[in-house]
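Step one of this worksheet: look at the structure below.
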Amino acid sequence: MPAVQETIDQVRLIDVDQYKYGFETEVEMEKSPKGLSEDVIRFISAKKGEPEWMLQWRLDAYKRWQTMQEPNWARVSYDKIDYNEIYYYAAPKNNPAPKSLDEVDPEILRTYEKLGIPLREQEILAGVEPERRVAVDAVFDSVSVATTFKEELKKAGVIFMPISEAIREYPDLVKQYLGTVVPVTDNFFATLNSAVFTDGSFVYVPPGVRCPMELSTYFRINEKNTGQFERTLIIADKGSYVSYLEGCTAPKRDENQLHAAVVELIALDDAEIKYSTVQNWYPGDAQGKGGIYNFVTKRGDCRGKNSVITWTQVETGSAITWKYPSCILRGDNSRGEFYSIAVSNGMQQVDSGTKMIHLGKNTTSRIISKGIAAGRSENTYRGLVSAHRKATGARNFTNCDSLLIGNECGAHTVPYIESKNATAVFEHEATTSKISEDQMFYCQQRGLSDEEATALIVNGFVKDVLQQLPMEFAVEAQKLISISLEGSVG
Amino acid sequence: MLEIKNLVVQIEDKRILNGLNLTVNNGEVAAIMGPNGSGKSTLSYVIAGKEDYEVLDGEILLDGENILEMGPDERAAAGVFLAFQYPLEIPGVASMTFLKAAMNAQLKARGESELSTPDFIKRVNAAAAQLEIPKDMLKRALNVGFSGGEKKRMEILQMALLRSSFCILDETDSGLDIDALRIVSEGVNALRSPDRSFLVITHYQRLLNHIVPDTVHVMHSGRIVRSGGKELALELEANGYADYRESEAA
Amino acid sequence: MAAITLMKTPAETALVQAFEAAKATLPGDVESRAQAFETFNRNGLPHRRVEEFKYTDLRALVREAAPFAAKPSLDEAKRALLDAKSFAGVDAVRIPFVNGHLVDSAIAFDGLPEGIDVVPLASALASGHEWLSRLSPVDWASKNPVYQLNSAFMADGVMIRVVGEVTTPIHLQFVTSSTTPVATATRVLVVVEPEASVTLVESHESTNGAAHQPNDVVELIAADGAHVRHVRLNAEGDQAIALSTFAVKLGAEASLNTINVAVGSSVFRHQVFGVFSGENTTAQINGASMLKDRQHGDTTLIIEHAAPHCESRELFKTVIDGEATGVFQGKIIVPPHAQKTDGRMMSAALLLSEGGAMNNKPELEIFADDVQCAHGATCGQLDDDLLFYLMARGLPKPEAESLLVQAFLGEAIEFVENDSLREALIASVEAWLRARG
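Residue numbers (my numbering), protein chains in the order written: chain A, 1 to 490; chain B, 491 to 740; chain C, 741 to 1177.
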């Protein structure tokens, strides 16, 4: 590779130059008082017009959270977060609960336009085949500003709405499932979320229904000093199917912002949930200044027999990622899958992976993880596969590969593989390698530039995972990966 | 036209090429023969621009322009093609994807517009048929799990598609059985034209029965020590490289 | 947050008292022993909240601390050695220990083969021998709580220096004969000088099944160009809680071929800490563990490729029967400058019964980009198809199983070059299988 200095310079430039979603939207916001207290929780609950039981749930979580300590086992380091310097609620002042798109602040609509997120159904309809349509729930800081195709989905019996609305409209459903996969006391960040969560999506697919379109939520953090604490709950009733996508961006800011989400998935008998994420929060600049702290608890419960939950994630953003989308394989013959691409560059720190907990008989799981570390980043895969005593016939296959680009980054693999059942068969393999100079030369000899060659080889490296994404997302993800790595080779 | 003047090259302080001179005219097929370790492969890498080699002196002119300052991709766009002795495997990247990326990169570098997908597929299919490359091979990851013969055919396919003006064949016959050798040679012969020249590097004369050269150069200790017509290859076949080794010792 | 003071368990309290009582009489510098004990005094026995002991909670497993064994009488020692069986048929220079104390009268210090120097550790510690400065060559070990306990309590051991090519194996023979449970702490240092080569053999056994608590450390410095073959056999009694550490530092162009075969103990934890400190060094690090009943067997290793161009291969096999639990933790570390590292680690476990459990934690920690590192871990039952094939050829099921288990473990054992050593290890596998019935 040519001059090292050149490489360093380029790496230095990238984050600032290439994060395309770093703009800020000027909207007048209404915020809760700064910091965290019972009063702030009451404020949030009141803003959402919640019933008493929900407020009580939050307050219990808050009480519990005060006794908990921030986890420190992950391979990430960051300055102590001052939880009293954060605003836990921020919503556009004008009409925080718009009834239709016409009521949404035009500045916000422009924001989503710039981000390429279609919010007008008629625009989406034009020239798109019906099965290719995507329903969107757009979450701006602490509130959902628009949800599309609600009516059409309702006809199919699918409930897709902001969770705050669901708490009011379908309290029994929410009460039945909320916190049953990620208990209130699960971990520090999940408990915090339980106390202060603001918005997120709620999905219920009734028995036997195949959701007629992709559902998606687009999360945007805009306001300064705010945290985003979304909560998503997806229930696929017996024999149903749903595919859900999630995207995230935030403006460039010098200070770090906290994102602590909780996602719960429940699949009953014969149901299937596909959950895909393209996470592109602002990663901070080349010196590690700014960026999102992404502490997320995502867990799926294959509660029914023959149920399937698939997590697919493309992680390119955030200063710190702490995220382990997991599956509890409770139902007999249920299946959990985890496909992940985690790209880190600059000063990013990623500690991500999955947990596959085999409880039922003949449960299967599959983990394919591809980590790519460049710049001065740290990229860790951390995973758990376990078979309990009764998990007769459990099967797992795990493959985690890491690719290093440059000599200042680190790639680590920390798998825990625990079997308490003799009939369980677990296979795990992991490799770490680099793009070989010979491969680079070969591509260059055919006329590809350094960056084209790297992008090509990296895309080959992550192909197994990209294939799991819905087509439109796969193309986006592929571009995103290339952009994230630009300048990482000299 | 390719002209190499007084080329001196070392790798890790070891001198490999010692003032090598060579001219290959447009349309000419030149063969370089020589014993193992004479610097044949080094020459091909240096022309293509591999980085590990340190050029201490001399120049390489392609159509009058010195290419030594260019990166490997720029040289490729300028017309240099190297058929590797050991083609590299790229997991996960389908051969088709790779071909398209390479063709478009070169078109872009030359300021031409990129190929439409149907045009691209048409061209690939035509060239592949000639080299007896089955379609499913093009869908597989580049060179991964390919046999020796398949890898070499894939190299010639790229040579045909990239329309390079100066093609180097580095020990292309190594690891080929007679049928594969015939297919590869026919592929190369079909590409012979007045505006394309070839540098065929080989240890054995066998390949030159199939790809008949215009000129033959003998390389030894990093220099061209003798040049002649195609009959020189036959002479080497009969006498071996022993003469040159002795002259070295003397 | 209020500081949490942990209550000491009875075993921890007993160890503190034992140290207070023994420190004045143990040989050598009290200060450095006290330092080593300090961390234990603060943290107690490592437990499941300490990441490296997540699967082997010593606080829970060590209920009582056995008293440290006194030096046996010469008669007692001789009787114990007569009863010792491990590697009895292997021609070797024997360095025997009984109840954790060197039986120096059994060694003809003058008649040792050329190239071997042996210095008893107890007297060396007392006199401040110059080789003492070479103890503790590996930092990973020095930071480890089990090793630190050994440093605090080590009562005896040897220091061995090897020059040139030594062909006769050196057999470090550890026998515990006390009829009541005792604790022992031995330390062995082996320095293999440049271009020298040697075969080291360790056997650990007891003449009875009492719940002994050995804590053994073997430290190895293989200088540039040195070649070391090392075979360790844990054949402790069924009740023993055996802690052991093998810490090795390898110089440039050195090679190591080591295996730990475990058939004994109620609980064992074997730790390997290896550092490659020079270029072009190779290591084959193997293990074969056989666990039954309610045994708990833990193999933990850290391999640091601190120099470029080194190659390591780790192959660990665990067979689990009854309600036993197997643990494998292995970490390959490659710092930024260690380019061209080639490291491959494999852990395979076979569960023969319903109640068994296996915990695998293979880790990679990579900071250099031009490396090839891989690890694999598998866990499962015997292959039904293979079993069927053998039975279809007329083998009864138990024999077919035994054959497959032998083949499974054999893959790790076959790296032992010395025929008689390899055969002795295979014999221990066969004995284990026979006892299984």
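Glycine included, every Cβ here is placed at the ideal spot set by N, Cα and C.
When the distance is taken between beta carbons, is residue j closer than 8 Å to residue i?
{"i": "Met1085 of chain C", "j": "Gly1062 of chain C", "result": "no"}
{"i": "Asn187 of chain A", "j": "Thr297 of chain A", "result": "yes"}
{"i": "Ala260 of chain A", "j": "Phe295 of chain A", "result": "yes"}
{"i": "Ser276 of chain A", "j": "Asp199 of chain A", "result": "no"}
{"i": "Val174 of chain A", "j": "Asp60 of chain A", "result": "no"}
{"i": "Cys302 of chain A", "j": "Leu329 of chain A", "result": "yes"}
{"i": "Gly336 of chain A", "j": "Gly383 of chain A", "result": "no"}
{"i": "Glu264 of chain A", "j": "Leu233 of chain A", "result": "yes"}
{"i": "Ala680 of chain B", "j": "Gln596 of chain B", "result": "no"}
{"i": "Ala1023 of chain C", "j": "Gln979 of chain C", "result": "no"}
{"i": "Ala806 of chain C", "j": "His952 of chain C", "result": "yes"}
{"i": "Val158 of chain A", "j": "Ala477 of chain A", "result": "no"}
{"i": "Thr380 of chain A", "j": "Arg75 of chain A", "result": "yes"}
{"i": "Ile1106 of chain C", "j": "Gly239 of chain A", "result": "no"}
{"i": "Leu1055 of chain C", "j": "Asn1026 of chain C", "result": "yes"}
{"i": "Ala824 of chain C", "j": "Glu945 of chain C", "result": "yes"}
{"i": "Leu403 of chain A", "j": "Ile435 of chain A", "result": "yes"}
{"i": "Gly677 of chain B", "j": "Ile658 of chain B", "result": "no"}
{"i": "Ala892 of chain C", "j": "Phe780 of chain C", "result": "yes"}
{"i": "Leu1165 of chain C", "j": "Val1001 of chain C", "result": "yes"}
{"i": "Val902 of chain C", "j": "Val930 of chain C", "result": "yes"}
{"i": "Ala566 of chain B", "j": "Arg446 of chain A", "result": "yes"}
{"i": "Ile1059 of chain C", "j": "Phe1148 of chain C", "result": "Looking at the sequence itself, residue 1059 of chain C is Val, so the reference to Ile does not match. Cβ distance < 8 Å, so Val1059 of chain C and Phe1148 of chain C count as in contact."}
{"i": "Ser164 of chain A", "j": "Lys80 of chain A", "result": "no"}
{"i": "Ser201 of chain A", "j": "Gly179 of chain A", "result": "no"}
So, under 8 Å CB-CB, residue i and residue j are touching, yes? Tell me the CB distance rounded to an integer number of Å.
{"i": "Thr1065 of chain C", "j": "Ala1097 of chain C", "result": "5 Å"}
{"i": "Val343 of chain A", "j": "Ile481 of chain A", "result": "6 Å"}
Quick one: using the 10 Å Cβ neighbour count with 16 as the cut-off for buried, is residue i buried or exposed?
{"i": "Trp496 of chain A", "result": "With chain A running from 1 to 490 in the structure shown, residue 496 of chain A is simply not present."}
{"i": "Ala430 of chain A", "result": "buried"}
{"i": "Asp401 of chain A", "result": "buried"}
{"i": "Thr920 of chain C", "result": "exposed"}
{"i": "Ser77 of chain A", "result": "exposed"}
{"i": "Ala987 of chain C", "result": "buried"}
{"i": "Asp1038 of chain C", "result": "buried"}
{"i": "Leu788 of chain C", "result": "At residue 788 of chain C the sequence reads Arg, which differs from the Leu that was named. Label assigned to Arg788 of chain C: exposed."}
{"i": "Glu502 of chain B", "result": "exposed"}
{"i": "Lys504 of chain B", "result": "exposed"}
{"i": "Gln313 of chain A", "result": "buried"}
{"i": "Gln648 of chain B", "result": "buried"}
{"i": "Lys540 of chain B", "result": "buried"}
{"i": "His1077 of chain C", "result": "exposed"}
{"i": "Ala1104 of chain C", "result": "Correcting the residue identity first, residue 1104 of chain C is Leu in this sequence and not Ala. Classification for Leu1104 of chain C: buried."}
{"i": "Asp663 of chain B", "result": "buried"}
According to DSSP, residue i sits in a beta bridge with which residue or residues?
{"i": "Arg713 of chain B", "result": "B:His710"}
{"i": "Ala1097 of chain C", "result": "C:Thr1065"}
{"i": "Leu507 of chain B", "result": "B:Val499"}
{"i": "Lys370 of chain A", "result": "A:Ile341 and A:Asp401"}
{"i": "Val278 of chain A", "result": "A:Gly247 and A:Val314"}
{"i": "Lys720 of chain B", "result": "Bridge partners of Lys720 of chain B: none, in fact."}
{"i": "Ala1117 of chain C", "result": "A:His428 and C:Ser1087"}
{"i": "Met1030 of chain C", "result": "C:Val1059"}
- Residue ranges of each alpha helix (DSSP H) run of no fewer than 4 residues wholly in the region 770-799 of chain C, ordered along the chain? Runs of the alpha helix (DSSP H) lying entirely within the region 770-799 of chain C and spanning at least 4 residues, in chain order: 770-783.
- Message: Give the list of continuous alpha helix (DSSP H) stretches no shorter than 4 residues that lie fully inside the region 28-89 of chain A.
- Response: Within the region 28-89 of chain A, the complete alpha helix (DSSP H) runs of at least 4 residues are 38-47 and 52-66.
- Item | alpha helix (DSSP H) runs contained entirely in the region 802-837 of chain C, provided each spans 4 or more residues | Scanning the region 802-837 of chain C from its first residue to its last, the whole alpha helix (DSSP H) runs of 4-plus residues come out as 814-823.
- Message: Suppose only complete runs of 4+ residues qualify. What are the alpha helix (DSSP H) ranges in the region 391-455 of chain A, listed by chain order?
- Response: Fully enclosed alpha helix (DSSP H) runs of 4 or longer: 437-445.
- Task: Scan the region 539-576 of chain B and note each continuous alpha helix (DSSP H) run of 4 residues or more that stays entirely inside, going in chain order.
- Result: Runs of the alpha helix (DSSP H) inside the region 539-576 of chain B: 562-568.
- Task: Jot down the residue ranges of each uninterrupted beta strand (DSSP E) in the region 639-704 of chain B, minimum 3 residues, whole runs only, in chain order.
- Result: Positions of the beta strand (DSSP E) runs, each at least 3 residues long and wholly inside the region 639-704 of chain B, are given as 656-660 and 687-692 in order along the chain.
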